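Okay, so the sequence shown: first residue is 0 according to numbering that gives the first Met the number 0, each after it adds one.
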Amino acid sequence: MELTDSVWEIIKTNSNVLDGKVWYGVKSTKIFCKPSCPSRIPNKSNVLLFTNPDDPVKCGFRPCKRCQPINEVVSDEIWVAEINHILENYYDQNLTLAELAILAHGSISHLRHVYQSKTGISPSEKLMQIRMDKARILLLNSNRSISNIGNDVGIPNNSYFIKIFKKIYGITPRQYRAKRPN
0 MELTDSVWEI IKTNSNVLDG KVWYGVKSTK IFCKPSCPSR IPNKSNVLLF TNPDDPVKCG
60 FRPCKRCQPI NEVVSDEIWV AEINHILENY YDQNLTLAEL AILAHGSISH LRHVYQSKTG
120 ISPSEKLMQI RMDKARILLL NSNRSISNIG NDVGIPNNSY FIKIFKKIYG ITPRQYRAKR
180 PN
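What follows is the structure in C-alpha cells.
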C-alpha cells in the first residue's frame, strides 16, 4: 500500500478510521503501530505501510508496546532488545531518557524500571557504555581530534568526554590513542 497524503493525515491525527485495516512500521525503530497510536509522529520517510498485521512481524518489526497493534503485550525481553537497538542507532544524538521513552513507545518510569530490572544497569549507563566503546574504536582507527570524536559519539563537551573516558578506562583518550600500534 502506498503512503498517500490522506493516509499520512490519518496517522498524523491519530485517527482510528484505518485501525484494523492498515498498520505502519517505523524503519528507524523497527516498531509498528496502528494509525491511531498516540506515540510521537514518525518521520514520514521512515514509514512503511502494511495491510496485513503479520507482514510487519515478518519484516522484523515488533508491535508497539503502547498501542498494541495486534492486541498482544510485548514481553519485557523484546522491549529491552528494542531499547538496545535504539541506543545503538541513536547514541550519537542528544538522547535523553524522555526521548528514548518516546522512541521506544513507553513511559519514562516504566522504561527505566524494566530496563534496569532486566539488565542490571540503567538505560543511561548502557548509552554511555556504547558511546565509550564507539569512542575507543574511533581513537584507535582514525586520526580525528579528541573533541571531534567526543562530538561524534554524542558528547560535545570535550572536558566531560575526557573525564568520562578516564573514569571508565583509567587513562585519557590521548593516552589511549598513544597505545595504538603504528
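Think of the CB as a built atom: it goes at the ideal place given N, C-alpha and C, for glycine as much as any other residue. In this text, all values refer to a predicted model and were calculated from it rather than measured experimentally.
task: Thinking Q92 and G149 are a contact (beta carbons under 8 angstroms), I'd like their distance in whole angstroms, please.
output: Within the sequence shown, numbered from 1, the residue matching residue 92 stands at position 93. Within the sequence shown, numbered from 1, the residue matching residue 149 stands at position 150. Contact doesn't hold; Cβ gap of about 14 angstroms is too wide.
Distance between P155 and L176 (C-alpha atoms, nearest Å): As a position in the sequence shown, residue 176 is number 177, starting the count at 1. As a position in the sequence shown, residue 155 is number 156, starting the count at 1. The sequence as given places Arg at residue 176; Leu does not occur at that position. Distance between the alpha carbons of R176 and P155 is about 19 angstroms.
- request: Can you check DSSP and say which residues form a bridge with G24?
  value: The residue labelled residue 24 in the question sits at position 25 within the sequence shown. Paired residue(s): F31, L47.
query: Roughly how many angstroms separate the alpha carbons of A97 and S108, rounded to a whole number?
result: Working through the sequence shown from its first residue, we reach residue 97 at position 98. Working through the sequence shown from its first residue, we reach residue 108 at position 109. Roughly 9 angstroms separates the two Cα atoms.
message: For a quick check, are the C-beta atoms of N178 and T171 less than 7 angstroms apart?
response: The count along the sequence shown starts at 1 and reaches residue 178 at position 179. The count along the sequence shown starts at 1 and reaches residue 171 at position 172. The question names Asn, but residue 178 is Lys in the sequence shown. Not closer than 7 angstroms, so no.
- prompt: For W78, which of Y90, L94, F60, T95 has the nearest alpha-carbon?
  reply: Position 79 of the sequence shown, counting from 1, holds the residue named residue 78. Of Y90, L94, F60, T95, the residue nearest in Cα terms is F60.
query: What's the gap between the Cα of R39 and the Cα of Q174?
result: Counting from 1 along the sequence shown, the entry for residue 39 is found at position 40. Counting from 1 along the sequence shown, the entry for residue 174 is found at position 175. Taking the straight line joining both Cα atoms gives about 42 angstroms.
task: Name the residue from S144, L139, I163 whose alpha carbon lies nearest to the alpha carbon of P180.
output: Sequence index remark: in the sequence shown, residue 180 carries index 181 (1-based). That would be L139, whose Cα lies nearest to the Cα of P180.
query: Looking at C-alpha atoms only, which residue of S144, Y159, H84 is the closest neighbour of L126?
result: On the sequence shown, residue 126 is found 127 positions in, with the first residue counted as 1. The option with the nearest alpha carbon to L126 is H84.
task: Select from P34, G169, T50 the residue whose C-alpha is nearest the C-alpha of S14.
output: On the sequence shown, residue 14 is found 15 positions in, with the first residue counted as 1. Per the Cα distances, P34.
query: Beta carbon of L2, beta carbon of L48: below 7 angstroms?
result: For the purposes of this step, residue 2 is identified with residue 3 of the sequence shown, where counting begins at 1. For the purposes of this step, residue 48 is identified with residue 49 of the sequence shown, where counting begins at 1. Yes, they are a contact pair.
- prompt: So, are the CB atoms of V73 and P62 less than 7 angstroms apart?
  reply: In the sequence shown, the residue the question calls residue 73 occupies position 74. In the sequence shown, the residue the question calls residue 62 occupies position 63. For V73 and P62, yes; Cβs fall inside 7 angstroms.
7 angstroms CB neighbourhood of D36 in its chain, flanking five on each side removed: If you number the sequence shown from 1, residue 36 lands on position 37. Position check: residue 36 holds Cys in this sequence, whereas Asp was assumed. Taken in chain order, the residues that qualify are N13, C63, R65, C66.
- request: Would you kindly report the start and end of the unbroken alpha helix (DSSP H) that includes M127?
  value: Here residue 127 corresponds to residue number 128 of the sequence shown, with the count starting at 1. Counting along the chain, the alpha helix (DSSP H) containing M127 begins and ends at 122 to 140.
- prompt: Quick one: is E81 buried, meaning 16 or more other Cβ sit within 10 Å of its Cβ, or exposed?
  reply: Residue 81 sits at position 82 when you count from the first residue of the sequence shown. That one is buried.
task: Would you check if the distance between the CB atom of W22 and the CB atom of P68 is smaller than 7 angstroms?
output: Here residue 22 refers to the residue found at position 23 of the sequence shown. Here residue 68 refers to the residue found at position 69 of the sequence shown. Yes. Within cutoff.
- request: Out of K26, D18, Y90, L99, state which residue places its alpha-carbon closest to the alpha-carbon of N70.
  value: The sequence position of residue 70 within the sequence shown is 71, counting from 1. Closest option to N70, Cα to Cα, is D18.
- request: Identify, in the order they occur along the chain, each residue of the same chain with its Cβ nearer than 7 angstroms to the Cβ of D75, setting aside the five sequence neighbours on each side.
  value: Stepping through the sequence shown from its first residue, residue 75 is reached at position 76. Closer than 7 angstroms at Cβ, skipping near neighbours: V113, K117.
For A80, the first and last residue of its enclosing alpha helix (DSSP H): Reading the sequence shown from its first residue, position 81 is the one you call residue 80. Unbroken alpha helix (DSSP H) run through A80: 75 to 89.
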